[in-house]
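Trainee: Structure below; questions to follow.
Structure, rendered in structure tokens:
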């Protein structure tokens with residue numbers, strides 16, 4: 008008896024969070040610090056902003072929202088730990104994790120086993136594929152496949168035939184190469200050189216020299232902000248005069264600052280938000296994206312909104328709509344977390360299309376991203392700013 | 017035909033020069049104190065980002081770090097003096113670090129407000145970063161005299177983590193860049209030289225020569241070497257081993273601080289970016305057996321060049337692997353030679 012009392016007390020304590028009825032708990036884990044923090048910080052800000060907005064508006068269908076945020080520090084082990092903690096200790100209904108592909112891939116087993124829907128904020132297509140093994144995993148950012156498809160189309164429009172591929176030496180760079188090879192199959196475009204560099208390399212001359220040896224029509228740099236800026240500068244220094252494409256991973260004002268004049272004429276595929284003012288008037292994405300940019304910048308300063316925060320907005324929006332859809336289907340048993348998780352997951356697939364900041368989403372049982380070509384535009388850097396390429 | 021090797025060689029030497037500054041600082045510090053400073057690269061980052069803050073008209077976080085360090089220094093000195101019941105000493109012990117802290121803060125606050133030229137900002141940032149050298153030594157190394165190299169290694173790993181974290185807190189995650197000292201470029205055969213490359217190579221070489229002169233020709237430098245060769249003997253001849261350690265630490269931080277402002281216009285800098293630079297310098301230092309400054313410098317230049325050539329001719333995917341693999345044959349050769357590092361210092 009003396010022993011059972013503390014055990015019972017401990018059990019009671021453990022069970023308390025589950026007893027907190029009628030609150031949607033979203034567990035968010037993003038890279039607020041570390042190597043990917045340029046991406047994760049706007050995501051973290053967006054979560055904070057949305058939690059306040061939704062609750063100020065009386066919750067989702069009357070259900071208040073609590074977003075529990077944990078920092079993954081861009082670290083894979085930390086991401087896995089945090090997601091386990093969110094699921095077991097915070098007892099969340101939905102997880103939104105992670106900022107980068109490596110982390111998002113690492114947590115798949117955790118959410119699959121626990122049976123918790125996860126919406127990833129990272130690019131790689133294999134986060135949600137094969138869909139049979141990704142029952143619980145969705146994502147909002149455009150895949151590398153969509154983006155590289157956009158680049159290949161743009162190359163064909165401009166009549167460019169040969170391409171050198173320069174990539175960061177991690178999962179992002181390798182994933183890009185796989186998608187590139189798939190995208191050029193059946194076209195007359197040929198990859199003539201493949202080079203890699205490290206995330207914090209101080210010098211990329213060797214790679215640039217090697218990649219441009221055969222004077223390719225275009226160079227595609229698949230990396231993130233600082234390293235891409237370094238490669239773009241080096242290409243300019245070496246007098247490369249072909250078309251330079253970079254990945255959407257640099258869609259961040261600090262890239263313009265870092266690369267400076269060397270970035271003139273560089274093209275990239277990116278979510279439509281970045282050129283929201285130039286989108287056609289009849290674009291359904293335009294009002295949504297414009298509203299997000301205005302709200303975000305009112306809180307965090309002029310010119311701070313980025314597509315990465317947009318991915319977080321889309322993820323929360325998807326959860327919001329899924330909850331509304333689930334509530335329409337019938338009462339949710341808030342004391343049974345597992346059933347709410349299941350209901351939300353099913354609702355994500357069933358709720359039908361919605362317009363987000365990053366495109367028009369339609370999650371289905373076969374496609375846990377559900378974006379089409381409306382989710383990207385090709386922009387060109389002109390006069391130190393993004394402009395819609397013609 | 018030889019264009020590409022020449023370009024690679026030149027780029028390799030530019031990077032290697034930075035690694036050489038790191039390697040030299042590591043070797044001098046290790047020889048004198050037995051400390052391997054894992055945090056050496058963080059000082060590269062701190063000096064560069066301090067310049068970025070000053071140029072933006074902000075008071076860099078570095079100065080708060082310095083003030084906090086000096087305050088700790090005051091506490092240590094005061095406690096030490098009080099324990100020996102020397103109250104006058106305690107008062108002095110408290111007074112001067114606090115005065116220094118106030119002076120540093122005022123100076124930097126003024127420097128960030130005034131429209132100073134770029135070079136003045138660089139000078140302030142390098143001075144501020146270098147001042148962290150003796151402070152770090154007093155606060156984290158000196159309280160543990162005669163500890164093993166392993167203990168010091170763990171302490172500096174702690175310093176590395178702390179400084180990286182503080183760098184993130186002070187400057188945020190985004191990368192910064194600095195303008196070149198003078199802009200422009202010229203052609204030397206097939207090699208296109210930026211002015212900044214010339215500044216980097218020239219100033220690094222100048223620093224190396226100055227350091228060689230300091231260690232070889234001045235009394236203070238000779239005292240440093242004496243402390244490195246034989247601590248007890250040095251103490252018996254009246255050399256303060258503590259002061260020698262402090263000077264060595266400061267020297268290595270100075271080299272790192274200069275490296276930071278030299279390299280950032282070329283490579284840009286972010287809070288977590290110093291470590292790899294320090295690590296490659298460490299590979300160079302290892303080639304010098306952590307004892308021979310001249311070999312360490314050559315080793316570091318070799319690391320820079322090997323990096324470029326392996327990226328171009330072998331595979332850019334395995335560039336870093338190849339560079340770090342260099343350590344293995346070097347260590348193997350050294351262990352076969354049975355060189356005792358401590359004894360082997362000239």
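Residue numbers (the numbering used here), protein chains in the order written: chain A, 8 to 397; chain B, 17 to 362.
Beta carbons: idealized from backbone N, C-alpha and C, even for Gly.
List the residues of chain B whose Cβ lies closer than 7 angstroms to the Cβ of residue 236(A), in chain order.
Mentor: Here the neighbours are 284.
Trainee: Out of curiosity, what's the CA-to-CA distance linking residue 263(A) and residue 227(A)?
Mentor: In a straight line, the C-alpha of residue 263(A) is about 17 angstroms away from that of residue 227(A).
Trainee: Give every residue of the same chain whose Cβ lies closer than 7 angstroms to the Cβ of residue 182(B), excluding the five residues on either side of it in the sequence, and list them in chain order.
Mentor: The answer, listed in chain order, is 77, 81.
Trainee: Would residue 253(A) count as contacting chain B if we go by Cβ distances under 8 angstroms?
Mentor: It does not; no Cβ of chain B falls within 8 angstroms.
Trainee: What is the residue span of the beta strand (DSSP E) that residue 56(B) lies within?
Mentor: From DSSP, residue 56(B) is part of no beta strand (DSSP E) but of the alpha helix (DSSP H) over 56-71.
Trainee: Note the first and the last residue of the continuous beta strand (DSSP E) segment covering residue 33(A).
Mentor: Taken as a continuous stretch (DSSP letters only), the beta strand (DSSP E) holding residue 33(A) covers 31-37.
Trainee: For the candidate residues 208(B), 248(B), 240(B), whose alpha-carbon lies nearest to that of residue 22(B)?
Mentor: Residue 208(B) is the option with its Cα nearest to residue 22(B).
Trainee: Using a Cβ cut-off of 7 angstroms, which residues of the region 177-191 of chain B contact any Cβ in chain A, in chain order?
Mentor: Answer in chain order: 184, 189, 190, 191.
Trainee: Is residue 321(B) helix, strand or coil when you go by DSSP?
Mentor: Three-state DSSP puts residue 321(B) in a helix.
Trainee: Using a Cβ-Cβ distance cut-off of 8 angstroms, determine whether residue 331(A) contacts chain B.
Mentor: Cβ-Cβ to chain B under 8 angstroms: no for residue 331(A).
Trainee: Pull out every residue of the region 201-221 of chain B whose Cβ sits closer than 7 angstroms to any Cβ of chain A, in chain order.
Mentor: Result list: 208.
Trainee: Return the residue from the list 286(B), 271(B), 252(B) that minimises the CA-CA distance to residue 193(B).
Mentor: The residue with the shortest Cα to Cα distance from residue 193(B) is 286(B).
Trainee: DSSP three-state call for residue 341(A): helix, strand or coil?
Mentor: Reduced to three states, the DSSP call for residue 341(A) is coil.
Trainee: Can you pull the chain B neighbours of residue 214(A), defined as C-beta to C-beta under 7 angstroms?
Mentor: Under the 7 angstroms cutoff, chain B gives 327, 332.
Trainee: Can you give me the Cβ contacts of residue 154(B) inside the same chain, cut-off strictly under 6 angstroms, excluding the 5 residues immediately before and after it?
Mentor: If we look at residue 154(B) and ignore the five residues flanking it on each side, its Cβ neighbours are 89.
Trainee: Suppose the cutoff is 8 angstroms on Cβ atoms and the five residues either side in sequence are ignored; what does the same chain contact list for residue 223(A) look like?
Mentor: 169, 170, 171, 199, 200, 249.
Trainee: Within 10 Å of its beta-carbon, does residue 394(A) have 16 or more other beta-carbons around it, so buried, or fewer, so exposed?
Mentor: Residue 394(A) is exposed by the Cβ-count criterion.
Trainee: In three-state DSSP terms, what is residue 45(A)?
Mentor: In this structure, residue 45(A) counts as helix in the three-state DSSP scheme.
Trainee: Return the bridge partner residues of residue 197(A) from the DSSP annotation.
Mentor: DSSP, once it has assigned bridges, lists 169(A) as partnering residue 197(A).
Trainee: So, with DSSP's three-state summary, where would you put residue 27(A)?
Mentor: The predicted position of residue 27(A) is uncertain, since its pLDDT is 46 and thus under 50; no value can be drawn from it.
Trainee: Grab me the residues of residue 51(A)'s own chain with a C-beta within less than 7 angstroms of its C-beta, minus the 5 sequence neighbours each way, in chain order.
Mentor: For residue 51(A), where only same-chain residues beyond five positions count, the Cβ hits under 7 angstroms are 37, 39, 76.
Trainee: For residue 83(A), decide whether its Cβ has a neighbour in chain B, counting only Cβ atoms nearer than 8 angstroms.
Mentor: It does not: the Cβ of residue 83(A) has no partner Cβ on chain B nearer than 8 angstroms.
Trainee: Which ranges would you report for the alpha helix (DSSP H) in the region 71-100 of chain A if only whole runs of at least 4 residues count?
Mentor: With a minimum length of 4 residues, the continuous alpha helix (DSSP H) runs that stay inside the region 71-100 of chain A are 83-95.
Trainee: In three-state DSSP terms, what is residue 201(B)?
Mentor: Residue 201(B) falls in the strand class under three-state DSSP.
Trainee: Between residue 157(A) and residue 383(A), how many whole angstroms is the CB-CB distance? I'm expecting something under 8 angstroms.
Mentor: About 5 angstroms separates the two Cβ atoms, so the contact holds.
Trainee: Which bits of chain B does residue 399(A) rub up against, with CB to CB less than 7 angstroms?
Mentor: Residue 399(A) is absent from the structure shown; chain A starts at 8 and stops at 397.
Trainee: For residue 71(A) versus residue 318(A), is the C-beta distance shorter than 8 angstroms?
Mentor: No; because the gap between Cβ atoms is not below 8 angstroms, this pair is not in contact.
Trainee: Put residue 285(B) into one of helix, strand or coil per three-state DSSP.
Mentor: Correct three-state label for residue 285(B): strand.
Trainee: Who are the neighbours of residue 176(A) on chain B, taking C-beta pairs under 7 angstroms?
Mentor: Residues of chain B passing the Cβ test: 333.
Trainee: For the region 194-225 of chain A, which residues have a beta carbon sitting closer than 7 angstroms to at least one beta carbon of chain B?
Mentor: Residues 202, 203, 204, 205, 207, 209, 210, 212, 213, 214, 216, 217.
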